Each structure stands twice: as structure tokens, then as C-alpha cells.
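Engineer:
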Amino acid sequence: MSAAGFSARGPLLAALAMALGLMGCGQQPSARVSLCGPAGQLRVGFVGAEEGRGSSGAAVLTDQDISRLRDLLTVASQCEVMLEPVASPEQAHQRLGASEWDVAFLPPGLAALALESSANRGYSLLRPLGQRSQSRSQLLVRAGSDRRAVADLKGARLGLLPRGSLTGFYLPLYNLHGLSLQSVHYALSYQELLDQLRKGQLDVIAWDAALPDPGGDVRVIVNDPNLIPVGALVLSQPLVAADHQPFLKLLDESAAQLPPSLGYVAGVLPEAQPLQRLRTVVTNVESWTLPLEGRPYAVYGRKQQLKDEGVMR
Amino acid sequence: MKFPVLQGWMVGSGQRPLRKQLAITLSAIFALSILVAVVLLNQLFGLQARDLIDQRSSFFMDAMLAVREYTSKDVNPIVAPLNEGPGGFRPESVPSYSAQTVFAYLKAKPDYREYSYREAALNPTNLRDKADSFETGVIERFRSDPSLTTLAGEKSTPLGSMHFVARPIKITKESCLVCHSTPDRAPASQLLTYGDSSGFGWKLNEIVGAQIVTVPQKAVFEAKDRSLFTTALLFVIAFVAVGLITNGVLNQLILRPMREISRKAEEASVTPATVSFDERNRSDEIGLLARSFERMKQSLAISMQMLKDRQGRS
Chain C
1 MSAAGFSARG PLLAALAMAL GLMGCGQQPS ARVSLCGPAG QLRVGFVGAE
51 EGRGSSGAAV LTDQDISRLR DLLTVASQCE VMLEPVASPE QAHQRLGASE
101 WDVAFLPPGL AALALESSAN RGYSLLRPLG QRSQSRSQLL VRAGSDRRAV
151 ADLKGARLGL LPRGSLTGFY LPLYNLHGLS LQSVHYALSY QELLDQLRKG
201 QLDVIAWDAA LPDPGGDVRV IVNDPNLIPV GALVLSQPLV AADHQPFLKL
251 LDESAAQLPP SLGYVAGVLP EAQPLQRLRT VVTNVESWTL PLEGRPYAVY
301 GRKQQLKDEG VMR
Chain S
1 MKFPVLQGWM VGSGQRPLRK QLAITLSAIF ALSILVAVVL LNQLFGLQAR
51 DLIDQRSSFF MDAMLAVREY TSKDVNPIVA PLNEGPGGFR PESVPSYSAQ
101 TVFAYLKAKP DYREYSYREA ALNPTNLRDK ADSFETGVIE RFRSDPSLTT
151 LAGEKSTPLG SMHFVARPIK ITKESCLVCH STPDRAPASQ LLTYGDSSGF
201 GWKLNEIVGA QIVTVPQKAV FEAKDRSLFT TALLFVIAFV AVGLITNGVL
251 NQLILRPMRE ISRKAEEASV TPATVSFDER NRSDEIGLLA RSFERMKQSL
301 AISMQMLKDR QGRS
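Order-wise, the sequence lines are chains C and S.
For the first sequence, the numbering used here puts the final residue at 313, and the numbers step up evenly by one.
For the second sequence, the numbering used here puts the final residue at 314, and the numbers step up evenly by one.
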């Protein structure tokens, strides 16, 4: 190389070296895999494994649990988390129907509903939630009531949990098929329904057999034979198609940090079959014209019988 | 303090061709200039990137305030009566819901994906809006100092450091208290959706929450680095152009005539009569040098002629 040639390239080489250096400054290594929803956030719904235990969102999840769960999900997903704890199954029902949640912690009725959604907008089960219990749908009347059988409930004032609850909405309506009711009323918790029953504001209410004994002033008039399966953590289809295994792995490893009331079971896939049976109930009731608060209602519509009526797990 | 070696290497000590000495000197000056400029611009662009993000955040918050206003004035009077009926609660009547929904649509666009908007409250109706410990700190600062209108700074999250801008949310309309004073004033559908223990007890003119826009610090740094890189690249291109032009001019004005004069001087040392330093007509230093060589050539020719004459006489 001639001296003249070298000298002409001198400033050019120095400039190139500096430009490459500058380019290097602007780059940062990134090996993180994030699991975000289509909006660039991870929208997480939280209803919990049990329904109708409290009358507010705060009863579903404490402030401390919200903070801890939000942080854990943020670390697991590497994405900004929008955690929405809800008390009303109906609100969850709307969110699931509109695919507004990417991940959701659901009780069994809503988990069945999530499976019910169309294939491209539906959800897949990831992990079971909650403890196995003697959860069954029941209908209670006051002990002194002269109503003895289902047929006697014609013209009654019925108390239910909001739409979306299995033991508090779908199964009671399913079991009252064919009856005309004077009115239907809603409450967020079984305790509120029980209080209204005792006050005489309602004639019959939905109840869950897993709850503590309500006392001798009320009695069971309908006892559904189906044992209720546990709830489930569900993931929306777009995220199922994405690489969600690191997210799930971290949740499994951090199961001890999740709220104990959640009953998260690490490393186990939920049993889909019992929930599939529930889908029949949910699908049937969802196809009916549904009752409005305080309005008369005839429980009428297509009703498919469940095969192997009995244990749902 | 003197550094003879460095000075000799940069300015030249006559050990290398002039062109190479100049190239080295220019490269060193340009590199040093770019380095100093990059260091200073790094600071300047950092401030500018932060300002830009703050401005955009303020715009978002103003836009969201406008959405809140529209919902409060125009949508709520139409939708709120429906919430008194037997159907479910319609959150479209709630300003906060509208603002956050509109922002979610905005965030779906790639240009705004980095931005996040929250309307965090100490005691929200929807627990999705529950302030975390950091947000609680921000809201408490606004509550303790009502004259404070904006807060900006950095916050640490599990995803890394974030830049935030916050403004207080103050209850200025009596209509807000229908849903947020006591459960007995709230629509039944609201109670059935959110329960009766959250989002109540608010008072007129009370700061209940904060609008908070957050952007990852990484995005701030990336914006700054992009500006810095572009500017530095322009510097480099400009300096390279200057270097090449200087090199060309040096070659044309000095080096080529000097090489020519040098060649003629060598020839003149043998046959001075056949050489002519035509550059002597130039009025610059090259002309001066050529005139000197021309005089030297003539002196040499005379001396050589005298020497020949003397040898002829003897």
C-alpha cells in the first residue's frame, strides 16, 4: 500500500471505527422472552377458585395479594401486567366474552364458559385452582316454608349469584327448567342471599353445599347430584400459540408465593372432562333468554340431559 | 506541559511524507472533536429525549382529560340512567373507564406501545385501578401538597427502570359522588358488579388518585441514542468530506508543484540550461520557491560556465 493511498484512507477509517463504536453503544443485548397480549400488556382476570364468598373485589384478593401477584406475573411474563380482580362473575363473563383477558384465574363455571368460547377467541386450561370439596349446587328455602318440591317453587322469588357462577346461576336455573318465577334477584355473595331469604325478601336462593351449615332456620329443597370440579387458570388462544412455557414454569416454581386461597396446583394439568360436562349446562342456560333483576322469569329453553348424571370429576 | 513524541507524531517531525502527516493530524483532530461533541451531545440529547417524552405524556394526559370531560358531560347523562334499570352495569358511563379504554386503543398502535397509562386510585371501584405502593406514594404527595400539579421521575419495576409523569385526579363534580359517596346512592347494577366496599367515601375537591404515564427508561435511552448516532454520523460524514477535500487541495496546490520543482531541481543539478522553473510566475509560496530555484539554477549555470572558461584558459 502506498503512503499516499494509506494517508487518504486515514480519516475515513477513523470515522468508520467511530461510527461502528457509536452503533455498538446504541445496542443492548436482549434475551428475555415476553408473553404479552395483543395490546402490549398482559391483561389478567382474577375471580378466584371459589364463587360467592365475598361481596367485594377486596374480599377476593387483599391489597398485599394484588401487589404480590402483579409482581410475580410481571416477572413471569416479562410484560406489563394489568391485573383485574373482580367480585362479580357477570363482569368476568363479559370480559371473557369480549376476549379482554389474556390470562384468567377462574372458578369452574367461568372456566367452562371460557372453554365454550369459539376456537379462535377461546381459552385453554393451564393449571387447576382450588381444593377438591363437596361443592354442589343447592336451593334453600326457609325451614317454615310450605314449598317441599321443585314444582312448589312456581311463582317464587329466586335469589341467584350473577351470571357466570356455576352453583349460583347456571345449575340452579338448569334445575328449575320449566318453572315460572315471580322475580329473580341477584347478590354478589351467598351470605347476602341468605340474609335476604331470612328477611323474607326471597323465597328460594341458590346455595353451595361446600359452604358452612347455614343453620336450622333454612332447609335444602333441591340438591344437585353433580359434584363441582375445581377452577382453572386459563390462557387465551393467541398466547397458547406463543411460547408460554417459561411463563408457566416460573409460575410453577413460584407457586408458594401465590395467594394460598387460590389453591394453585403446580405442574398438573386440569381435568378437562368434568368441565366439558359443565359446558353442556352452561351452553344450555346461555342459550336461554336470561333473567333480569327484579323481573318475572319463565325458565324455558333448550335443555340437553347430562350423560352419566352424577359426579363431575 | 509538552509531549514531544505525541506532538511529533501528530504535527509531524519530517519523518513521514507531508500528506501522511497531514492525514494523521486531521484524523486526530476530527476524532477528538467528534468525541468531545458526542460527550456533550449525549447530555443534551438525554435532556431533550426526556423533555420530548414528558411533552408527549402531558399530551396523553390532556387528551385523556378531554375524554373524561366528554364522558362526564355527554355520555354519562345518556348511559347513567340505564344503570338504574334491571340490566347489568355499563361502565361506559364512567370517565375513568372511557379514558383507559381510549388509551388502550392508542397503545395498540406501534408508535405508542411503549407508553402506559394508569388512573390509579387509593380506593377505586374497580380493583384493577388500585394504586400499588409506588402509586400510593405519588398520590399521597399530591394530597399533602395540593399546589403540586405534576410529578416526574424514575420508578423501579420488575421490568426495569421506568420514567413516569403524574398528575392528580381531583373530584370537582358533584355528579361523581353519585357512584362514589355512599353505597345507598350508587346504582344497584354498580353494587352488583363491584360490590359495596370499594370506591366509596370520596369527597368533593378531594384528590383521590393520579393519572400516571410511564415509559421504559430504555425507550428514553434508545430515543437519545438514535439522535446521537444520527448527529455523530453527520459529523463523521462532514469531517471525512473535509479531510478528503483538504487532501485533494493539498495535493493540487502544494504537493504536486513541490514534486515537480524537486524533479526539475535534480535535473538542473546536471544540466541547468535545459530546465525552466515555470512555477516562478506564481505569486504564492510555490512561486517564491520556484524563483529561488531559478536564481540558484542561473547561479549554478554561471558558475559552471566560469568553471568551463577557466579550464579552457588553462
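Even for Gly, the Cβ is constructed at its ideal location relative to N, Cα and C.
Since this is a predicted model, take the numbers as computed values, not measurements.
Is there a C-beta anywhere in chain C that falls below 7 Å from the one on residue 127(S)?
Structural biologist: The count along the second sequence starts at 1 and reaches residue 127(S) at position 127. True, the Cβ-Cβ gap to chain C drops below 7 Å.
Engineer: State the beta-bridge partners of residue 208(C) as determined by DSSP.
Structural biologist: Numbered from its first residue, the first sequence carries residue 208(C) at position 208. Per DSSP, 137(C).
Engineer: Excluding the five sequence neighbours on either side, which residues of its own chain have a C-beta within less than 7 Å of the C-beta of residue 308(S), listed in chain order?
Structural biologist: Along the second sequence, read from residue 1 onward, the residue named residue 308(S) stands at position 308. Excluding residues within five positions, none has a Cβ falling inside 7 Å.
Engineer: The alpha helix (DSSP H) spanning residue 254(S) covers which residue range?
Structural biologist: Here residue 254(S) refers to the residue found at position 254 when the second sequence is read from its first residue. Counting along the chain, residue 254(S) falls outside any alpha helix (DSSP H), and DSSP gives it neither H nor E.
Engineer: If you check the beta carbons only, do residue 180(S) and residue 209(S) fall under 7 Å apart?
Structural biologist: Indexing the second sequence from 1 puts residue 180(S) at position 180. Indexing the second sequence from 1 puts residue 209(S) at position 209. No, they are not a contact pair.
Engineer: If you run the structure through DSSP and keep just helix, strand and coil, what is residue 305(C)?
Structural biologist: Reading the first sequence from its first residue, position 305 is the one you call residue 305(C). Note: residue 305(C) maps to coil in three-state DSSP.
Engineer: Does the segment 165–174 of chain S come close enough to the segment 232–247 of chain S to have 3 or more Cβ pairs within less than 8 Å?
Structural biologist: Flag = no, the segment 165–174 of chain S and the segment 232–247 of chain S do not touch.
Engineer: Are the segment 59–71 of chain C and the segment 122–132 of chain C touching by the rule of at least three beta carbon pairs closer than 8 Å?
Structural biologist: No, because fewer than three Cβ pairs between the segment 59–71 of chain C and the segment 122–132 of chain C fall closer than 8 Å, the two stretches do not touch.
Engineer: With residue 70(S) as the anchor, note down where its alpha helix (DSSP H) starts and where it stops.
Structural biologist: Along the second sequence, one-based indexing puts residue 70(S) at 70. 18–70 is the extent of the alpha helix (DSSP H) around residue 70(S).
Engineer: If you draw a straight line from the C-alpha of residue 246(C) to the C-alpha of residue 72(S), how long is it?
Structural biologist: One-based indexing of the first sequence puts residue 246(C) at position 246. One-based indexing of the second sequence puts residue 72(S) at position 72. Spanning the two alpha carbons is a distance of roughly 43 Å.
Engineer: Under 9 Å, CB to CB, which of the residues in the segment 152–185 of chain C have a partner in chain S?
Structural biologist: The segment 152–185 of chain C vs chain S, Cβ under 9 Å: 162 and 163.
Engineer: Quick check on residue 100(S): buried or exposed, where buried means 16 or more other Cβ atoms within 10 Å of its Cβ?
Structural biologist: On the second sequence, residue 100(S) is found 100 positions in, with the first residue counted as 1. It counts as buried.
Engineer: Would you kindly work out how many angstroms separate the C-alpha atoms of residue 23(S) and residue 241(S), rounded to a whole number?
Structural biologist: In the second sequence, the residue the question calls residue 23(S) occupies position 23. In the second sequence, the residue the question calls residue 241(S) occupies position 241. Straight-line Cα distance between these residues: approximately 13 Å.
Engineer: Alpha carbon to alpha carbon, what distance is there between residue 76(S) and residue 147(S)?
Structural biologist: Here residue 147(S) refers to the residue found at position 147 when the second sequence is read from its first residue. Here residue 76(S) refers to the residue found at position 76 when the second sequence is read from its first residue. Distance between the alpha carbons of residue 147(S) and residue 76(S): 29 Å.
Engineer: By DSSP, does residue 307(S) sit in helix, in strand, or in coil?
Structural biologist: Locating residue 307(S) in the second sequence gives position 307, counting from the first residue. Correct three-state label for residue 307(S): helix.
Engineer: Counting only beta-carbon atoms, is residue 151(S) nearer than 7 Å to chain C?
Structural biologist: Here residue 151(S) corresponds to residue number 151 of the second sequence, with the count starting at 1. Chain C contact via Cβ: absent.
Engineer: Note down, in chain order, every chain B residue with its Cβ under 7 Å from the Cβ of residue 66(C).
Structural biologist: Chain labels in this structure do not include chain B; the protein chains are C and S.
Engineer: Applying a beta-carbon distance threshold of less than 7 Å, which residues of chain S neighbour residue 91(C)?
Structural biologist: Reading the first sequence from its first residue, position 91 is the one you call residue 91(C). Here the neighbours are 193.
Engineer: Can you give me the Cβ contacts of residue 363(S) inside the same chain, cut-off strictly under 6 Å, excluding the 5 residues immediately before and after it?
Structural biologist: The question about residue 363(S) has no answer, for chain S in this structure spans 1 to 314.
Engineer: For residue 126(S), is the classification buried or exposed, using 16 other Cβ atoms within 10 angstroms of its Cβ as the cut-off for buried?
Structural biologist: In the second sequence, counting from the first residue as 1, residue 126(S) sits at position 126. Under this definition residue 126(S) is a buried residue.
Engineer: Classify residue 93(S) as buried or exposed, calling it buried when 16 or more other Cβ atoms lie within 10 Å of its own Cβ.
Structural biologist: Position 93 of the second sequence, counting from 1, holds the residue named residue 93(S). Its Cβ being crowded by 16 or more others within 10 Å, residue 93(S) is buried.
Engineer: Find out if the Cβ-Cβ distance for the pair residue 37(S), residue 223(S) is shorter than 7 Å.
Structural biologist: Mapped onto the second sequence, residue 37(S) falls at position 37. Mapped onto the second sequence, residue 223(S) falls at position 223. Against a cut-off of 7 Å, the Cβ pair of residue 223(S) and residue 37(S) comes out as no contact.
Engineer: Between which two residues does the beta strand (DSSP E) holding residue 269(C) run?
Structural biologist: The residue given as residue 269(C) occupies position 269 in the first sequence. Element bounds for residue 269(C): n/a, residue is neither H nor E.
Engineer: Cβ atoms of residue 120(S) and residue 131(S): under 7 Å apart, would you say?
Structural biologist: As a position in the second sequence, residue 131(S) is number 131, starting the count at 1. As a position in the second sequence, residue 120(S) is number 120, starting the count at 1. Yes, these two residues count as a Cβ contact at 7 Å.
Engineer: Please report the distance separating the alpha-carbon of residue 226(S) from that of residue 155(S).
Structural biologist: For this step, residue 226(S) is matched to residue 226 along the second sequence. For this step, residue 155(S) is matched to residue 155 along the second sequence. Whole-angstrom Cα-Cα distance: 23 Å.
Engineer: Using a Cβ-Cβ cut-off of less than 9 Å, give me the residues of the segment 130–149 of chain S that come near chain C, in sequence order.
Structural biologist: Within the segment 130–149 of chain S, the qualifying residues are 130, 132 and 133.
Engineer: Can you tell me the Cα-Cα spacing of residue 145(C) and residue 252(C), whole angstroms?
Structural biologist: Taking the first residue of the first sequence as 1, we reach residue 145(C) at position 145. Taking the first residue of the first sequence as 1, we reach residue 252(C) at position 252. C-alpha separation (whole angstroms): 49 Å.
Engineer: Look up residue 269(S) in the DSSP assignment and say whether it is helix, strand or coil.
Structural biologist: Within the second sequence, numbered from 1, the residue matching residue 269(S) stands at position 269. Looking at residue 269(S) - three-state DSSP - the assignment turns out to be coil, as it is neither helix nor strand.
Engineer: Less than 7 Å between CB atoms is the rule here; does residue 219(S) satisfy it with respect to chain C?
Structural biologist: Looking up residue 219(S) in the second sequence gives position 219. It does not; no Cβ of chain C falls within 7 Å.
Engineer: Please return the same chain residues whose Cβ sits closer than 6 Å to the Cβ of residue 68(S), not counting the five positions on each side in sequence.
Structural biologist: For the purposes of this step, residue 68(S) is identified with residue 68 of the second sequence, where counting begins at 1. Closer than 6 Å at Cβ, skipping near neighbours: 95 and 99.
Engineer: Do residue 139(C) and residue 147(C) have their C-beta atoms closer together than 7 Å?
Structural biologist: Here residue 139(C) is taken as the residue at index 139 of the first sequence, counted from 1. Here residue 147(C) is taken as the residue at index 147 of the first sequence, counted from 1. Cβ distance not < 7 Å, so residue 139(C) and residue 147(C) don't count as in contact.
Engineer: Establish whether the CB of residue 107(S) and some CB of chain C are separated by less than 7 Å.
Structural biologist: The count along the second sequence starts at 1 and reaches residue 107(S) at position 107. It does: the Cβ of residue 107(S) has a partner Cβ on chain C nearer than 7 Å.
Engineer: Measuring CB to CB, does residue 137(C) end up less than 7 Å from residue 51(C)?
Structural biologist: The residue you call residue 137(C) lines up with position 137 of the first sequence. The residue you call residue 51(C) lines up with position 51 of the first sequence. No, they are not a contact pair.
Engineer: Do residue 72(C) and residue 254(C) have their CB atoms nearer than 7 Å?
Structural biologist: Position 72 of the first sequence, counting from 1, holds the residue named residue 72(C). Position 254 of the first sequence, counting from 1, holds the residue named residue 254(C). Yes, these two residues count as a Cβ contact at 7 Å.
Engineer: Residue 135(S) lies in the alpha helix (DSSP H); which residues open and close that run?
Structural biologist: As a working note, residue 135(S) is residue 135 in the second sequence. Where residue 135(S) is concerned, the enclosing alpha helix (DSSP H) stretches over 133–144.
Engineer: Does the structure place the segment 266–276 of chain S close enough to the segment 49–61 of chain S that three or more beta carbon pairs sit under 8 Å?
Structural biologist: Counting Cβ pairs under 8 Å, fewer than three are found: no touch.
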